[in-house]
Structure formats: structure tokens, C-alpha cells
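>
Numbering (full-length UniProt numbering), first residue to last: 1 to 280.
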């Protein structure tokens, strides 16, 4: 079974940031000024997408840009190597391209690269902490007509959980509304097993689970649920906030947006209690 790894999208993002930084160091010419040099063979659209990690990169294009920007040989070699990795398949492709919606694919690649994951959930147990039976019940309730596709999606969700068993797992801090604990997804037996798993996972040194009781009243995150991903090197990979709806997702990276959600998490967590102290 494929193991979750940082996929080509993550590499593209890293490459794009480093190319953008090279352009800035080289005197910060505009994209239009760069593509005006016809020998580079780049269009404005192509360079724009390269810098934003939205497209696989050809090693020869990256090598030409490095030469144009005056990059040191070691830097040029490193970026060319990154370019080679931008065209590989993501680990989740073994489940079929249709197993992951396009708007979710970036998250599935970012998650294994994260050093820490902070999440607030109001209705659901986070996917990384779900049992098979709980995940299946969720998918059947939300997608009753999907049939055979449900099993593949459940398998993918369970496989994502492998990052928590690595030698260097991400730090996971989940704040759950009491509603997520009380809602009997799949029935009493399924939920009992799910709560047992939460307690077992909470015993791990890298996992913290808090519960926001109904008695806490109004709180900072009442209007949203979210995931905040932090990466080992914030310079190469700035934090990302992930917001999801049933049919789409948003990825926020502006420092002011990230800080806003970091504050939301801090203020929400301050009203919560540790899972082991929660009395339903």
C-alpha cells in the first residue's frame, strides 16, 4: 500500500517560491520583463504558474531561469532536481484519480509534509482519528449513491492516518466540539469504538485532543471549522489554513489570514478541556 508522502504539488510550491526569491535577488524584474527575453522561451502565463507551483516544471526551463537570474551552481542544480520531481504522480493515485476531488488533492499532499496539524471540528471526528466503521458511516450518510466508491474513499482516509505512525509523526492538536463526541455516527457500537480510539490516540505524546463542552457557551470558532498546517521550514513552506465545504475548499496563506486562524484556535482551545477530563 502506498505511504502518504509530500507529493509533487508540495515540490512545485517549494520550487516556485525559490524561483520567485531568485527573481527578487536578481533585482526584482517584473514577470513581463523576464519573459521579454525571448531566448528563455517562457510565456507570462507559464512563468506565473511556475512561481505559484501550479504547473510541473521542465528542468531546462528552470536551468535557463537560474542562469538568467545568476544563481550559484549549487542552487541551480538543486532547483533543477526539484523540477524533475514536479512531474511525478502523487501517492494517492493508486486509489484512482477520482478518489480525491480536485479541490482536496492539494490537502492530501500537504498533510504528510506538515510538522504540526491544528484542527477544530464541530460535527465530526477528524479524518486522521476516525475508525474504519465511523468513516464508512460518514461517507454513506453524505454520499448514499456512491456505492463502490465509498470503500476506496474509506481506504484512502485510513491510509492518510499512517503519518501518525511514522518515526517522525506530525504534532496533532484537535479541538472537538461536544457535538462531535455526542453524535452517534453509525450507532452506539460504532461510536463506542470510535471514542475508545480517541482515548488511545490521546495517550500518544504527539497527539492532544481537547473537547469544547456545550457549557462553554459562545466561542471564537462558532462560524467555522478549519485545519492549520505548519511545516518544518516556514521559509520554504509557510503555514496553510484549510477550509472545506462539501463541494470545494479554500487554502489561505497570507500571514494575516494564518494569524487570524491561529488566534481562533488559541481562543477556542482555551475554552476546551482535555479529553481525559471531559465528562459527557
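Beta carbons are placed, not taken as given, at the ideal position from N, Cα and C, and that holds for glycine. In this text the structure is predicted, and so the values were computed from the model without any measurement.
1) Check whether the stretch 119-134 and the stretch 146-166 are in contact - that is, three or more C-beta pairs closer than 8 angstroms.
2) With a cut-off of 8 angstroms on the beta carbons, I'd call residue 57 and residue 88 a contact; round off their distance for me.
3) Residue range of the beta strand (DSSP E) that residue 119 falls in?
4) Taking the alpha helix (DSSP H) that residue 258 falls in, what are its first and last residues?
5) If you run the structure through DSSP and keep just helix, strand and coil, what is residue 100?
6) Could you tell me the alpha carbon to alpha carbon distance between residue 32 and residue 118, rounded to whole angstroms?
7) Under three-state DSSP, which class holds residue 240?
8) Using only the alpha-carbon positions, how far apart do residue 175 and residue 234 sit?
9) Does DSSP put residue 78 in a helix, a strand or coil?
10) Taking residue 201 as the reference, which of 150, 111, 188 and 274 has the closest Cα?
11) Are at least three pairs of beta-carbons, each pair with one atom in the stretch 234-246 and one in the stretch 13-20, less than 8 angstroms apart?
12) What's the gap between the Cα of residue 242 and the Cα of residue 104?
13) If you drop the 5 nearest sequence neighbours on each side, which residues of the same chain put their C-beta closer than 6 angstroms to that of residue 261?
14) Check this for me: beta carbons of residue 220 and residue 268, under 8 angstroms apart or not?
With the given structure in hand:
1) yes
2) That pair is no contact at about 12 angstroms.
3) 116-121
4) 255-270
5) coil
6) 39 angstroms
7) strand
8) 23 angstroms
9) helix
10) 274
11) yes
12) 10 angstroms
13) 226, 228 and 241
14) yes
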